[in-house]
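Engineer: As you go down the protein sequences, you meet chains A and B in turn.
No gaps in the numbering here: position 167 of the first sequence is 232 in my numbering, and each next residue is one more.
No gaps in the numbering here: position 77 of the second sequence is 142 in my numbering, and each next residue is one more.
Pasting a structure below so you can have a look.
2 protein chains.
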Amino acid sequence: MSSDPKVKTIAVLGGTGREGSGLVLRWAQGGYRVLIGSRDAARAVAKAGELNAVIGEDVIRGLDNVDAAREADMVVLAVPYAAHEDILRSVADVVQGKILVDVTVPIQPPAIRTVYVPEGNAASLEAQALLGDGVRVVAAFHNVSASHLPDLAQGVNCDVLVCSDDADAKNEVFQLVEAIAGTRAVDAGPLANAVAVEALTPVLMYISKRYKVAGAGIRITGLE
Amino acid sequence: MSSDPKVKTIAVLGGTGREGSGLVLRWAQGGYRVLIGSRDAARAVAKAGELNAVIGEDVIRGLDNVDAAREADMVVLAVPYAAHEDILRSVADVVQGKILVDVTVPIQPPAIRTVYVPEGNAASLEAQALLGDGVRVVAAFHNVSASHLPDLAQGVNCDVLVCSDDADAKNEVFQLVEAIAGTRAVDAGPLANAVAVEALTPVLMYISKRYKVAGAGIRITGLE
Numbered sequence: 066m067s068s069d070p071k072v073k074t075i076a077v078l079g080g081t082g083r084e085g086s087g088l089v090l091r092w093a094q095g096g097y098r099v100l101i102g103s104r105d106a107a108r109a110v111a112k113a114g115e116l117n118a119v120i121g122e123d124v125i126r127g128l129d130n131v132d133a134a135r136e137a138d139m140v141v142l143a144v145p146y147a148a149h150e151d152i153l154r155s156v157a158d159v160v161q162g163k164i165l166v167d168v169t170v171p172i173q174p175p176a177i178r179t180v181y182v183p184e185g186n187a188a189s190l191e192a193q194a195l196l197g198d199g200v201r202v203v204a205a206f207h208n209v210s211a212s213h214l215p216d217l218a219q220g221v222n223c224d225v226l227v228c229s230d231d232a233d234a235k236n237e238v239f240q241l242v243e244a245i246a247g248t249r250a251v252d253a254g255p256l257a258n259a260v261a262v263e264a265l266t267p268v269l270m271y272i273s274k275r276y277k278v279a280g281a282g283i284r285i286t287g288l289e
Numbered sequence: 066m067s068s069d070p071k072v073k074t075i076a077v078l079g080g081t082g083r084e085g086s087g088l089v090l091r092w093a094q095g096g097y098r099v100l101i102g103s104r105d106a107a108r109a110v111a112k113a114g115e116l117n118a119v120i121g122e123d124v125i126r127g128l129d130n131v132d133a134a135r136e137a138d139m140v141v142l143a144v145p146y147a148a149h150e151d152i153l154r155s156v157a158d159v160v161q162g163k164i165l166v167d168v169t170v171p172i173q174p175p176a177i178r179t180v181y182v183p184e185g186n187a188a189s190l191e192a193q194a195l196l197g198d199g200v201r202v203v204a205a206f207h208n209v210s211a212s213h214l215p216d217l218a219q220g221v222n223c224d225v226l227v228c229s230d231d232a233d234a235k236n237e238v239f240q241l242v243e244a245i246a247g248t249r250a251v252d253a254g255p256l257a258n259a260v261a262v263e264a265l266t267p268v269l270m271y272i273s274k275r276y277k278v279a280g281a282g283i284r285i286t287g288l289e
């Protein structure tokens, strides 16, 4: 990795989706160059134009997933679980040597408020197994509700639990967390601990519906 | 169940342990009659005497696990995961028709700060499968650190996520949560969602060690 601690270009694969586009917007606002990746490059270009208009600056570009992943310093994966494996296979070569931040939540629609444990226990563990040791997989941002990301005037009231087997990669992702106002990065341990972080998302979706709130999040207590 | 909404007698199997004895103390203080269950009745009797002295009242009794479970209106299981299945088998007959609150966290020592996904995905799902439909299993209290329970002068800064497939059983357990000052009960959905709640505990133990704090907990945001 570069000796500059701040990643310059982030690709968000699945950046046309609700969670992905919200993250794109926050990071673009935070001073990063952001690439939106999509299976359909035209859709990525359209979404980039839309989000640049919100920011009032031309810092977001749209590409297909593979080109976006190839150009970026750091790659963020925010895709439906059903597409997770296929998209990982398509970018496996171009993400070697990079950090891959996996935001994917393993759910089985229509039961989106019920925890689903995938074969590899966590989407991010499956990503690490598929990509091999040449890629440092970090699990993060799963618990930040998409409903809170688009309103740039509002901070996000949620801690971001960050899991990885690579301490340096965790530290680099901490900077991406700091770029989203209101959040706090918490080192949540090895990648195996992503099981808890991923599984918490359908629980938060259940809680949001049950208590009729816009997007429940979490805070770790006892750190103050 | 009785038409009286408040359970009168709670058995805590594993009530001689750190988490179990802390819960015993809080519930005894909250006005419940509490039975400590242990594989060794003499140890349960000794621990009951010790905790009654703390409370300054004679509301806790020690018994072996089976007798404690038989006598109680509601049974709480707070045992090491390695003993979970054996103890469940030993009380399976006497808990039929009752609520069983499973506090067990599936960990594999010595890796107590790393999530371990058991064969049945969650200890409480394994309990429900083993006990059958005649027992209403509720998962709760996993994230309340044992280190905060003994000091009765201090509230516990933690939400208690409660999962079950039975809505009435969840409501009865909500009352046990209210008896512990500082906590807040949150309906976290069906028992399948206990995967997240159980897995969060080794993550909180990791965070506590990593940030050198006494016992990290969680709060759900967005409900206020």
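By construction, the Cβ of each residue, glycine as well, lies at the ideal position given by its N, Cα and C atoms.
Nothing here was measured: the structure is a model prediction, and the numbers come from that model.
With which residues is Ile-272/B paired in a DSSP beta bridge?
Structural biologist: Answer is none; Ile-272/B lacks a bridge partner.
Engineer: Determine, for Ala-257/A, whether the minimum Cβ-Cβ distance to residues of chain B falls below 8 Å.
Structural biologist: Output row for Ala-257/A: interface = yes.
Engineer: What residues from chain B crowd round Thr-286/A, counting only those whose CB sits closer than 7 Å?
Structural biologist: Simply Asn-222, Cys-223, Ala-281, Gly-282, Ile-283 and Arg-284.
Engineer: Does the beta carbon of Asp-252/B come closer than 8 Å to any beta carbon on chain A?
Structural biologist: Taking Cβ atoms only, chain A reaches closer than 8 Å to Asp-252/B, which makes this a yes.
Engineer: So is Asp-69/A in contact with chain B if we call contact Cβ pairs under 8 Å?
Structural biologist: Unreliable positioning characterises Asp-69/A in this predicted model, as indicated by a pLDDT of 45, which lies under 50. A coordinate reading is not provided.
Engineer: My output table needs one value for Arg-201/A: the three-state DSSP class, helix, strand or coil.
Structural biologist: DSSP places Arg-201/A in strand when its eight states are reduced to three.
Engineer: Is the shortest distance between the beta-carbon of Val-140/A and the beta-carbons of chain B less than 8 Å?
Structural biologist: Not an interface residue.
Engineer: Tell me which same chain residues have a C-beta within less than 6 Å of the C-beta of Ala-211/A, skipping the five on either side of it?
Structural biologist: Hits under 6 Å: Arg-83, Glu-84 and Gly-87.
Engineer: Enumerated in chain order, which unbroken segments of the alpha helix (DSSP H) with a length of 4 residues or greater are wholly contained in the region 157-193 of chain B?
Structural biologist: Here no run is fully enclosed.
Engineer: On the three-state DSSP scale, how would you describe Glu-289/A?
Structural biologist: In this structure, Glu-289/A counts as coil in the three-state DSSP scheme.
Engineer: Helix, strand or coil for Gly-79/B? Go by DSSP, reduced to three states.
Structural biologist: Gly-79/B: coil per DSSP, three-state reduction.
Engineer: Do Ile-101/A and Val-89/A have their CB atoms nearer than 8 Å?
Structural biologist: Yes, they are a contact pair.
Engineer: Within 10 Å of its beta-carbon, does Pro-174/A have 16 or more other beta-carbons around it, so buried, or fewer, so exposed?
Structural biologist: Exposed is the call here.
Engineer: Considering only C-alpha positions, which residue in the set Ala-106/B, Ala-176/B and Gly-121/B is nearest to Pro-267/B?
Structural biologist: Comparing Cα positions, the closest option is Ala-176/B.
Engineer: If we count Cβ pairs, one from each stretch, closer than 8 Å, do we get three or more for the region 248-268 of chain B versus the region 223-232 of chain B?
Structural biologist: Touching, yes.
Engineer: Counting along the chain, where does the beta strand (DSSP E) carrying Ala-250/B start and finish?
Structural biologist: 249-254 is the span of the beta strand (DSSP E), which, as asked, contains Ala-250/B.
Engineer: Alpha carbon to alpha carbon, how far is Val-170/B from Pro-145/B?
Structural biologist: When rounded, the distance between both Cα atoms is 7 Å.
Engineer: Between which residues of its own chain and Thr-81/A is the CB-CB distance below 7 Å, once the five residues before and five after are set aside?
Structural biologist: Excluding sequence neighbours, Thr-81/A sits near Ile-101, Ser-103, Arg-108, Ala-109 and Lys-112.
Engineer: Roughly how many angstroms lie between the CA atoms of Ser-68/A and Ala-234/A, to the nearest whole one?
Structural biologist: In this predicted model, Ser-68/A has a pLDDT of only 39, less than 50, meaning its place in the structure is not dependable; the value taken from the coordinates is given anyway. Ser-68/A and Ala-234/A: Cα-Cα distance of roughly 13 Å.
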